[in-house]
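The numbering used here applies: residue 36 is where the sequence shown begins, and numbers increase by one.
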Amino acid sequence: MDAQAKLKHQYANKPIYTSGFFADPESDLDNRQKLQTALKSFVKNQQPDTPFALQIMATNSEITIAPLGLLELDELETYLAEQRRAGLPETAALPLMIQFEPHTQAGQLQKDRVASVQALFADFNATFELIWQQVKADIALNETLLLDLTQTLIKNGQTEQQKMLTHLQTLSTEERQKTLGFAIEPDKLDTLTRHLTDQHQSQAIMSSAAALAMNEIIGNDLFGQALNDPVRRNIFFWNLDNTFYEIFYYYTVKYGTKQVKLTKYLQHQRSQLLETTRQLAWEKAQAITNDPVATKQLDLNRYFADVFTPLAEKLTVLIHKFTNSEIK
């Protein structure tokens with residue numbers, strides 16, 4: 036039986052069962068629980084011959100769990116050929132494919148075969164652990180990508196800050212005031228340029244996210260139309276979560292790498308900051324949807340700035356308070 040015939044025989048043209056969740060880049064416990072809940076629901080409500088795809092949305096990647104061949108037919112053909120060459124009997128069991136697809140230029144597509152759908156139904160606990168270990172490794176790889184992007188952003192920002200600082204230091208007091216629009220003491224220039232750099236790098240993150248939302252999610256549709264589509268709505272809010280984490284990591288890594296207590300303090304604030312940002316994003320999305328003018332003249336750069344500038348400012352305040360010993 037060839038791959039196409041096997042898939043047709045296996046699934047009898049049944050609709051694909053889909054599920055998914057957002058992965059927290061730093062909480063294995065939360066991610067494990069979400070994965071377990073999703074797979075338990077599948078096993079409880081479906082049959083082993085139900086085609087399914089579980090998608091895990093991480094900050095800089097997607098992780099998809101599906102039976103071999105459902106995503107790429109050629110992979111099933113290769114697998115069946117391997118089985119025949121090895122003299123193994125053909126069975127109804129199909130391996131599960133866990134695909135890690137990074138959204139970065141340096142990232143590499145990675146695919147791993149783990150157990151099978153039939154094994155998941157026959158021995159859920161043991162099979163789940165095999166799946167979880169691979170997913171856990173992929174999420175860790177995703178965090179590495181996020182940290183690499185953050186380090187690049189910080190390094191580029193430090194270069195720009197030094198250029199700005201050097202330029203301002205070469206100006207006279209009068210020239211500096213004319214350039215900035217206000218007077219400033221020379222010993223405050225480092226703090227000012229660091230703050231301006233952080234603003235610029237945060238805005239770069241926002242602009243990139245806004246462009247992705249406009250080009251890949253909204254397209255030529257009205258904002259409300261796009262958000263009425265469950266798939267695009269989920270991707271839109273996944274993009275918002277990603278933007279949160281990119282900004283949060285920027286400040287945490289830049290200022291907390293050499294201050295372990297500061298990192299812990301910011302991590303303690305993270306859940307509340309994320310909840311507040313999500314609420315603000317939802318409220319402003321609703322406001323645009325309910326405003327015919329704003330919907331037709333959609334400005335996603337402004338939307339992302341309105342949502343995430345308060346986050347960047349809040350992180351700046353928290354870091355300042357901690358650094359100046361107001362919080363310990």
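Beta carbons are placed, not taken as given, at the ideal position from N, Cα and C, and that holds for glycine.
Cα separation between Phe283 and Tyr290?
11 Å
Check each candidate in Leu275, Ile91 and Ala157 and name the one with the smallest Cα separation from Ile133.
Ile91
Is it the case that the Cβ atoms of Ala244 and Asn274 are separated by a distance below 9 Å?
yes
Taking 8 Å as the cut-off, does the segment 94-101 touch the segment 77-85 (at least 3 CB pairs, one atom from each stretch)?
no
Leu89: first and last residue of the uninterrupted beta strand (DSSP E) it sits in
Phe87 to Met92
So the alpha helix (DSSP H) Gly55 belongs to, where does it begin and stop?
First-last for Gly55: Tyr52 to Phe57, but that is the beta strand (DSSP E), not the alpha helix (DSSP H).
Taking DSSP as the reference, what is the three-state secondary structure of Asp147?
strand
With 16 as the cutoff for other CB atoms within 10 Å, does Leu297 come out buried or exposed?
buried
Looking at the structure shown, is Pro221 part of a helix, part of a strand, or coil, going by DSSP?
helix
Where does Ser242 sit, in a helix, a strand or coil, going by DSSP?
helix
Taking the alpha-carbon of Pro137 as reference, which of Thr278, Asn177 and Tyr285 has the nearest alpha-carbon?
Asn177
Could you check the C-alpha separation between Ile253 and Ala261 for me, to the nearest Å?
6 Å
How is Ser294 classed by DSSP in three states: helix, strand or coil?
Going by the sequence as given, residue 294 is Gln instead of Ser. In this structure, Gln294 counts as coil in the three-state DSSP scheme.
Thr99 - containing beta strand (DSSP E), residue span:
Ser96 to Pro102
Element boundaries [alpha helix (DSSP H), containing Met199]:
Phe159 to Thr205
Sorted by chain position, which residues of the same chain lie with C-beta nearer than 8 Å to Glu195's C-beta, five sequence neighbours on each side aside?
Thr232 and His235
Identity of the residue in Pro345, Pro265, Pro50 and Ser237 nearest Thr311 by Cα:
Pro345
In terms of residues, what are the limits of the alpha helix (DSSP H) holding Pro327?
Pro327 to Lys331
What residues in its chain sit with their C-beta under 7 Å from that of Leu247, if we drop five residues either side in the sequence?
Asn274
Measuring alpha carbon to alpha carbon, tell me which residue in Asp264, Thr228 and Glu61 is nearest Lys171.
Glu61
Using only alpha-carbon positions, find the residue among Leu70, Phe343, Ser54 and Pro50 that is nearest to Phe163.
Leu70
Quick one: is Gly55 buried, meaning 16 or more other Cβ sit within 10 Å of its Cβ, or exposed?
buried
Thinking just about the alpha-carbon of each residue, which of Ala150, Thr201, Glu251 and Met249 is nearest to the one in Leu227?
Thr201
May I ask which residues mark the beginning and end of the alpha helix (DSSP H) holding Pro83?
Premise fails: Pro83 is in no alpha helix (DSSP H) and is neither H nor E.
Between the CA atoms of Thr53 and Phe357 - distance to the nearest angstrom:
45 Å
Residues in the same chain with beta-carbon distance under 8 Å from Asp59, minus the five sequence neighbours each way, listed in chain order, please.
Asp65 and Asn66
Name the DSSP bridge partner or partners of Gln134?
Thr99 and Lys146
Three-state class that DSSP yields for Glu61 in the structure shown
coil
Cα-Cα separation between Thr351 and Asp341, rounded to whole angstroms
16 Å
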